[in-house]
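Beneath this line is the structure, given in structure tokens, with notes to follow.
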Amino acid sequence: MLEYFLKDKIPIDKQSKDYELFKLNRRALYAHLFNFILQIGLYQFQPFQYNLRITELEYGLSDRNETDSNDFNKKNFSRLNKGEITRFKLPLAIIIGAFSYMSFLGHLSILILGGKYYGWIEYQKINYVRWIEYFISSPTMMLIIASISRCNTKSILNLITSSSAITMAFGLISEIIKDDKQYGYLSKIFFTLGVIPFRSSWYPIIKKFSKSMKYVDGEFQKDYNQIYNKEIKDFDIPSFVKYTIYLLYGLYHFFPINMWLQRFYLPKRPKRTKFLGIKYGNDPYFFGEKGFIYLSFISKATLTWMLFSGTVREDENKWLTGDDYYNDTNVTNISQWWIYGGLGLLTGVSLYYARKNGLNYNEKKLLTTSKSRNKSSSNESFFLNYLKNKKIENLSNDEIIELNKLLDIINNDKSKKIEY
65 MLEYFLKDKI PIDKQSKDYE LFKLNRRALY AHLFNFILQI GLYQFQPFQY NLRITELEYG
125 LSDRNETDSN DFNKKNFSRL NKGEITRFKL PLAIIIGAFS YMSFLGHLSI LILGGKYYGW
185 IEYQKINYVR WIEYFISSPT MMLIIASISR CNTKSILNLI TSSSAITMAF GLISEIIKDD
245 KQYGYLSKIF FTLGVIPFRS SWYPIIKKFS KSMKYVDGEF QKDYNQIYNK EIKDFDIPSF
305 VKYTIYLLYG LYHFFPINMW LQRFYLPKRP KRTKFLGIKY GNDPYFFGEK GFIYLSFISK
365 ATLTWMLFSG TVREDENKWL TGDDYYNDTN VTNISQWWIY GGLGLLTGVS LYYARKNGLN
425 YNEKKLLTTS KSRNKSSSNE SFFLNYLKNK KIENLSNDEI IELNKLLDII NNDKSKKIEY
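Under my numbering, the first residue of the sequence shown is numbered 65, with each subsequent residue one higher.
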């Protein structure tokens, strides 16, 4: 069915690198679609549907009507707050399913682009769709991880999701400027700068999670007994949960490591044709692209199911009766239908631009046609840099056609200078 829908956008040669990318993207597409359907389906049958809570700190006297609370007020007068008050609730399972759907939509857009995508990978060494998808899906995933770890105040969530989006923006910039000599080491600088918001987005999550686990293992039951005058029973956190956050953090590191191999490590070793037993035919970008696709349907799928396990839990409210955190009187419930509507809008926009800019496979081009002289000159410069490490006898038909175009331009304008 997918092959019929794509028609002429599928690579013809089934032994080519392009066809290998097509197969990998197709597998990732099906994997994420399966995860999305299963996660949404399981949500409908859960006895208790766990919600993410976005909160605010409320400031003021602990309780104006109770004299017993004055001890607390006196000790905390310079920084009085009533605690965290829930402002928004979102269904956790649906947000996780939305992340899976965004990944599915990214791979579908890539396949619809057809020749445009394969031209990007082979000649321009860039994948714009990947970075756009990451720019949207990565903050979504960080929202889930942060909220589960109880970093759910609006101010902290804004910082975490913004930092994640900035990381993806730096990654795109680093890939756009690549190793172009006119930019010097800027590509490496932007890659390094992207690590800073990446790490800063994880710091409050790990800090809050580790403190919470330490408190649960230590003073929690004692404090509960003092407040409610009874012992808490059947309350225990499985050991593996205490280390889950570090595993999630580790999985996230595979993406920048893959980019570092693709951009900075393997290109300096032109004689190598495989790495860790994986053949890439002296094309580091192709190796990295395969790596990102594998990470998509292995690492991302692992992330989603680890987090989805957090939806299979009891209602916490039964332990904390009367806690204002669970007082839903002034809470805005974000319905699952709003999330479905947002995904529908995202689907429409993505498919519109993918179909508008897509090319049949046989239309894959090395240089983009442009009326702009500056853009044309930039393309020609890029092509000359691209040819530096190529042997004439190994040029493909497309490359020979583009080379002839460039020679015609040079013959028609003898005075033109191209820096390379």
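Glycine residues also receive a C-beta, built at the ideal position from the N, C-alpha and C atoms.
Simplified DSSP state of residue i, which is helix, strand or coil
| i | result |
| --- | --- |
| Pro155 | strand |
| Ser434 | Legend: pLDDT at Ser434 = 42, less than 50; position of this residue unreliable, value from coordinates given subsequently. Reduced to three states, the DSSP call for Ser434 is coil. |
| Asn89 | helix |
| Glu148 | strand |
| Gly161 | helix |
| Arg333 | coil |
| Lys338 | strand |
| Arg214 | coil |
| Leu467 | helix |
| Tyr288 | helix |
| Ile309 | helix |
| Gly422 | coil |
| Tyr182 | helix |
| Asn222 | helix |
| Asn394 | coil |
| Glu427 | helix |
| Glu239 | helix |
| Tyr301 | Here residue 301 turns out to be Ile, not Tyr, going by the sequence shown. It is coil, neither helix nor strand. |
| Glu295 | coil |
| Ser440 | Low local confidence applies: a pLDDT of 47 at Ser440 is under 50, so the model's placement there is unreliable, and no value is given. |
Outcome for residue i when other beta-carbon atoms lying within 10 angstroms are tallied against a minimum of 16
| i | result |
| --- | --- |
| Gly422 | buried |
| Ile160 | buried |
| Thr256 | exposed |
| Thr396 | exposed |
| Val413 | exposed |
| Asn293 | exposed |
| Ile174 | buried |
| Tyr416 | exposed |
| Ser238 | buried |
| Glu427 | exposed |
| Glu197 | buried |
| Asn394 | exposed |
| Gly352 | buried |
| Phe254 | buried |
| Leu471 | exposed |
| Ser303 | exposed |
C-beta contact flag for residue i and residue j at 8 angstroms
| i | j | result |
| --- | --- | --- |
| Ile208 | Cys215 | no |
| Ile19 | Ile269 | The requested residue 19 is not part of the displayed model; the chain covers only 65 to 484. |
| Lys242 | Lys189 | yes |
| Ser164 | His96 | yes |
| Phe86 | Ile76 | no |
| Ile185 | Phe350 | yes |
| Thr368 | Asn89 | no |
| Lys153 | Leu116 | yes |
| Phe319 | Leu371 | no |
| Tyr288 | Ile301 | no |
| Lys218 | Ile118 | yes |
| Glu364 | Ser167 | First, the residue type needs correcting, since residue 364 is Lys and not Glu in the sequence shown. Closer than 8 angstroms, so yes. |
| Leu410 | Leu221 | no |
| Glu122 | Arg151 | no |
| Ser265 | Met206 | yes |
| Leu172 | Leu250 | no |
| Pro155 | Gln400 | yes |
Nonlocal neighbours in the same chain, by C-beta distance under 6 angstroms from residue i, ignoring five residues either side
| i | result |
| --- | --- |
| Leu177 | Ala418, Gly422 |
| Lys272 | Ser213, Arg214, Cys215 |
| Ser442 | Note that Ser442 scores 48 on pLDDT, short of 50, meaning its location in the model is unreliable; the coordinates nonetheless yield the value given after this. Counting only Cβ-Cβ distances below 6 angstroms, and skipping sequence neighbours, we find nothing. |
| Pro348 | Gln326, Leu330, Pro331 |
| Tyr404 | none |
Same chain only: Cβ atoms within 7 angstroms of residue i, ignoring 5 sequence neighbours per side
| i | result |
| --- | --- |
| Thr231 | Gly258, Pro261, Phe262 |
| Phe356 | Arg194, Asn322 |
| Leu407 | Ala162, Tyr165 |
| Leu66 | Arg90 |
| Lys306 | Met277 |
| Asn191 | Trp184, Ile185, Glu353 |
Cutoff 8 angstroms; reference residue i; Cβ partners in own chain excluding five residues on either side
| i | result |
| --- | --- |
| Ala157 | Gln103, Ile104, Leu106, Tyr107, Gln110, Gln113, Tyr114, Phe372, Thr375 |
| Tyr425 | Asp72, Lys73, Ile74, Pro75, Ile76, Asp82, Gly178, Gly179, Tyr182 |
| Phe199 | Ala229, Met232, Ala233, Leu236 |
| Arg336 | Leu330, Asn346 |
| Leu315 | Ser363, Thr366, Leu367 |
* To do: Would you list, in sequence order, the uninterrupted alpha helix (DSSP H) runs of no fewer than 4 residues that lie entirely inside the region 247-285?
  => 250-281
* Which whole runs of the beta strand (DSSP E) in the region 185-212 are 3 residues long or more, in chain order? -> none
* Quick one: which unbroken alpha helix (DSSP H) runs of 4-plus residues sit fully inside the region 72-116? Chain order, please. => 81-108
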